[in-house]
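Oh and the sequence shown: position 18 is 19 in this note's numbering, straight run, nothing missing.
The beta-carbon is built from N, C-alpha and C at its ideal position, and this holds for glycine as well.
Working notes, structure below.
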Amino acid sequence: FMEFQMKRCEKFYVEAQEGIVGLCEANRLGVMAALFVYGAILDRIRENKYDNLSQRAYVPFSDKMILMGRAWLRCRDLQELAEKRIRSGKIFSRSKDV
Numbered sequence: 002f003m004e005f006q007m008k009r010c011e012k013f014y015v016e017a018q019e020g021i022v023g024l025c026e027a028n029r030l031g032v033m034a035a036l037f038v039y040g041a042i043l044d045r046i047r048e049n050k051y052d053n054l055s056q057r058a059y060v061p062f063s064d065k066m067i068l069m070g071r072a073w074l075r076c077r078d079l080q081e082l083a084e085k086r087i088r089s090g091k092i093f094s095r096s097k098d099v
């Protein structure tokens, strides 16, 4: 049951990434970083064998900094993709090039 719910969360996290480019530029990085950190928490829950009652599932600060860098790069990639879509006139198309 837990793995089903976690896979569902991960699917929503991936889908949410494309919408982040529609946010105010000042908010994009924070939201993307949150997606990455919450995804990493899911990984920690798995590492703890789904025992989140007796073991805390957390992401160390050093890992959060790495995830922040990845989030920044992902925001930049999404911005470039959005600009490309605007230039081509395909603003609202959902594609697999994300």
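Other residues of its chain near Ile21: CB distance less than 6 Å, five sequence neighbours each side excluded: Arg29, Val32 and Met33
Contact between the segment 35-44 and the segment 6-17 (3+ Cβ pairs under 8 Å): yes
With DSSP collapsed to three states, give me the class of Arg57. coil
Spatial distance of Ser90 from Arg71 (CA atoms): A small fix is needed here, since residue 90 is Gly in this sequence, not Ser. Whole-angstrom Cα-Cα distance: 28 Å.
Among residues of its own chain, excluding the 5 on either side of Ala83, which ones have a beta-carbon nearer than 6 Å to its beta-carbon? Val22
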